[in-house]
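Reminder that position 56 of the sequence shown reads as 55 in the working numbering, one-by-one numbering, no gaps.
Glycine is no exception: its CB is placed at the ideal position from the N, C-alpha and C atoms.
Owing to the predicted nature of the structure, the values given are computational and were not obtained by experimental measurement.
Notes follow the structure.
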Amino acid sequence: MQTIYVTVEGGLVQNVTSIPAGIEVVVIDYDVDLKEADRLDVSPLDGEPCEITSFQKEECERPA
Numbered sequence: 000m001q002t003i004y005v006t007v008e009g010g011l012v013q014n015v016t017s018i019p020a021g022i023e024v025v026v027i028d029y030d031v032d033l034k035e036a037d038r039l040d041v042s043p044l045d046g047e048p049c050e051i052t053s054f055q056k057e058e059c060e061r062p063a
């Protein structure tokens, strides 16, 4: 599977749609100042604290 990384600072990703099969989109959100430290992830890009959300093609996803 191929991965596309999207980094966020000062913004918000609402949704990711129409992901082709075999592609994973990983959103790395660095806006973590108000988050609890024990709920944070470690960025695979730079090792910094972040929140990670992954999106993949869903079988029931409707085409855009």
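Kindly list the residues whose CB is nearer than 7 Å to the CB of residue i, restricted to its own chain and excluding five residues on each side of it in sequence; keep chain order.
i, result
"T2", "E23 and V25"
"D40", "C49, E50 and I51"
Could you tell me which residues DSSP puts in a beta bridge with residue i?
i, result
"E50", "D28"
Which residues in the same chain have their Cβ closer than 6 Å to the Cβ of residue i, if we skip the five residues on either side of it in sequence?
i, result
"T52", "V26"
"V15", "V24 and F54"
Discussion item. My parser needs the beta strand (DSSP E) runs of 3 or more residues fully inside the stretch 0–42; what are they?
Written reply: 1–7 and 22–28
Worksheet item: Given 8 Å as the limit, is there contact between the stretch 7–15 and the stretch 34–48, that is, 3 or more CB pairs closer than that?
Response: no
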